[in-house]
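The structure under discussion appears below in the form of structure tokens.
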Amino acid sequence: QVQVVESGGGLVQAGGSLRLSCEVSGSNYRSNAMGWYRQAPGKQRELVADITSGGSTNYADSVKGRFIISRDNAKNTVYLQMNNLNPEDTAVYYCKAVVNYYPYWGQGTQVTVSS
Numbered sequence: 002q003v004q005v006v007e008s009g010g011g012l013v014q015a016g017g018s019l020r021l022s023c024e025v026s027g028s029n030y031r032s033n034a035m036g037w038y039r040q041a042p043g044k045q046r047e048l049v050a051d052i053t054s055g056g057s058t059n060y061a062d063s064v065k066g067r068f069i070i071s072r073d074n075a076k077n078t079v080y081l082q083m084n085n086l087n088p089e090d091t092a093v094y095y096c097k098a099v100v101n102y103y104p105y106w107g108q109g110t111q112v113t114v115s116s
């Protein structure tokens, strides 16, 4: 049973930083693409950033230059370093991991940025 578990969310003031982590367990396969999505109240879930097993990255325009995605393949873990946060970044952040070409989602972690 593949499990995807996020951690690291919380409340931060505008201009602050947070680091999210997402660990994938329960599979003999290494994750292919891994990524972070977010969903704000009343809005659709959107891609924040993703990273391939080879390390190629892709970012939403709204977070370029502020967020950094990285992964540790040995730990099957993906990270999202979020800097210079603003209230528009407030959302539930979800981790997605593609394992053996099947997508798995975490339960989400709340990020709240106060002005």
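FYI, the numbering for the sequence shown is 2 to 116, going by the working numbering. For every residue, glycine included, the Cβ atom is placed at its ideal position computed from N, Cα and C. Remember, it's a predicted structure, so these values are computed and weren't measured experimentally.
Helix, strand or coil at residue i [DSSP, three-state]
i, result
"residue 203", "The requested residue 203 does not occur in the structure, where the chain is confined to residues 2 to 116."
"residue 73", "strand"
"residue 51", "strand"
Whole-number beta carbon distance between residue j and residue i, since they are thought to touch under 8 Å
i, j, result
"residue 83", "residue 18", "6 Å"
"residue 88", "residue 15", "6 Å"
Straight-line gap, residue i to residue j (C-alpha atoms, nearest Å)
i, j, result
"residue 94", "residue 70", "13 Å"
"residue 32", "residue 3", "10 Å"
"residue 25", "residue 96", "10 Å"
"residue 58", "residue 40", "20 Å"
"residue 46", "residue 107", "13 Å"
"residue 13", "residue 112", "8 Å"
Proximity of residue i and residue j at Cβ, strictly below 7 Å
i, j, result
"residue 75", "residue 5", "no"
"residue 67", "residue 35", "no"
"residue 49", "residue 61", "yes"
"residue 64", "residue 91", "no"
"residue 30", "residue 101", "yes"
"residue 27", "residue 110", "no"
"residue 81", "residue 37", "yes"
CB contact below 7 Å: residue i versus chain D
i, result
"residue 108", "Of the protein chains in this structure there is only one, and it is not chain D."
Closer than 6 Å: residue i CB and nearest the ligand NAP heavy atom
i, result
"residue 20", "No copy of the ligand NAP occurs in the structure displayed, which carries no ligand at all."
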